[in-house]
Amino acid sequence: MIVKKLKLVFLENSEIVHEQDEQVHDSEHQDCLKKNERALFVVGEIGGNDFKDAFLRGRTLEEVKAMVPIVVEAIKYALRRVIEYGATRIVVPGNYPIGCFPVFLTKFPINDTNAYDELHCLKYFNNFAIYQNDLLQKGIKELKEEYPNVIIVYGDYYNAFLGLFRKANMFGFDPKSLQKACCGIGGEYNFNVRVSCGDPSVTVCSNPDERVNWDGIHLTQRAYELMATWLMQDIYPKLQCEHIDSYRSTI
709 MIVKKLKLVF
719 LENSEIVHEQ
729 DEQVHDSEHQ
739 DCLKKNERAL
749 FVVGEIGGND
759 FKDAFLRGRT
769 LEEVKAMVPI
779 VVEAIKYALR
789 RVIEYGATRI
799 VVPGNYPIGC
809 FPVFLTKFPI
819 NDTNAYDELH
829 CLKYFNNFAI
839 YQNDLLQKGI
849 KELKEEYPNV
859 IIVYGDYYNA
869 FLGLFRKANM
879 FGFDPKSLQK
889 ACCGIGGEYN
899 FNVRVSCGDP
909 SVTVCSNPDE
919 RVNWDGIHLT
929 QRAYELMATW
939 LMQDIYPKLQ
949 CEHIDSYRST
959 I
């Protein structure tokens, strides 16, 4: 959605790895570089599944936090590669406030109201996401100094997501079901780690547009659409596109 509004070429991560490696050696190399100069590269979100799986397998906070610098370095390596291929505009998304997701709320229930914030999200996991995002932004800053002619923009998934909760009524979400999965079964958050969406026993909510979360881990189409609109408002001016005045956010 973001790429379409910007009228830029979109290259998926898999295309970067497989197609570009072949093209960089052939006679169309220069043409490829020119196309990439006009393309928007979205690199990420990277690391979310690794961190989630580590937590679900019982790793401690210290153990998972130790993974973050490694992931950030991997992201920086990927960014250097796409820059070598001619990228001049790159968006690097951070992590969501994972403490608001049914998978974490279900797997790690805490019988202490102080463990939850005003949106009923687990502070423990949201603080981890903040730590991860802070290190990522530091890495982006270092790369911007290394490549001053390349525009690298942080994609603030964290605050884009929180906006859905804070403006739930305005967006038509059910305030009582913000942390509940639409496609799920059982428990306070309609989520079961062992019985996931797609299982014959799992039902789907009657109106997914009233829900933020789809299956305990991923969001609904409506939530993603609203997040994309928020991100457009935040990112678009920073990309320094020629048609900068052609977009106006509705949020």
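Take 709 as the starting number for the sequence shown in this note's numbering and just add one per residue.
For every residue, glycine included, the Cβ atom is placed at its ideal position computed from N, Cα and C.
The residues 806, 807 and 812, in chain order, have a CB closer than 7 angstroms to that of residue 833 in the same chain once the five nearest residues on each side in sequence are set aside. Put simply, the region 834-845 touches the region 769-784. At least three CB pairs are less than 8 angstroms apart.
Under the three-state reduction of DSSP, residue 921 is assigned to strand. For residue 823, there is no enclosing alpha helix (DSSP H), as DSSP gives it neither H nor E. For a cut-off of 8 angstroms, the C-beta gap from residue 796 to residue 853 is around 16 angstroms, too long to register as a contact. A Cβ-Cβ contact shorter than 7 angstroms links residue 754 with residue 783. The three-state reading of DSSP puts residue 808 in helix, counting H, G and I together. For residue 862, there is no enclosing alpha helix (DSSP H); the enclosing beta strand (DSSP E) covers residues 859-863.
If you draw a straight line from the Cα of residue 781 to the Cα of residue 903, it is about 35 angstroms long. Judged by beta-carbon spacing, residue 920 lies within the 7 angstroms limit of residue 931, meaning their Cβ atoms are closer than that value.
Taking all protein chains in view, the Cβ of residue 760 is crowded by 16 or more other Cβ atoms within 10 Å, so the residue is classified as buried. The beta carbon of residue 764 sits closer than 8 angstroms to the beta carbons of 811, 815 and 901 from its chain, once the five residues preceding and following it are set aside; these are given in chain order.
For residue 930, the uninterrupted alpha helix (DSSP H) segment begins and ends at 929-943. Residue ranges of uninterrupted alpha helix (DSSP H) with 4 or more members, entirely inside the region 872-913 and ordered along the chain, are 876-879. If you draw a straight line from the Cα of residue 947 to the Cα of residue 801, it is about 14 angstroms long. When the beta-carbon positions are compared, residue 888 and residue 898 come within less than 7 angstroms of each other. Taking the Cβ atoms as the reference, residue 787 lies roughly 6 angstroms from residue 751, within the contact range of under 8 angstroms. If you look at residue 800, you'll find it in the beta strand (DSSP E) that goes 797-801. In the DSSP assignment, residue 759 falls within the unbroken alpha helix (DSSP H) covering 756-764.
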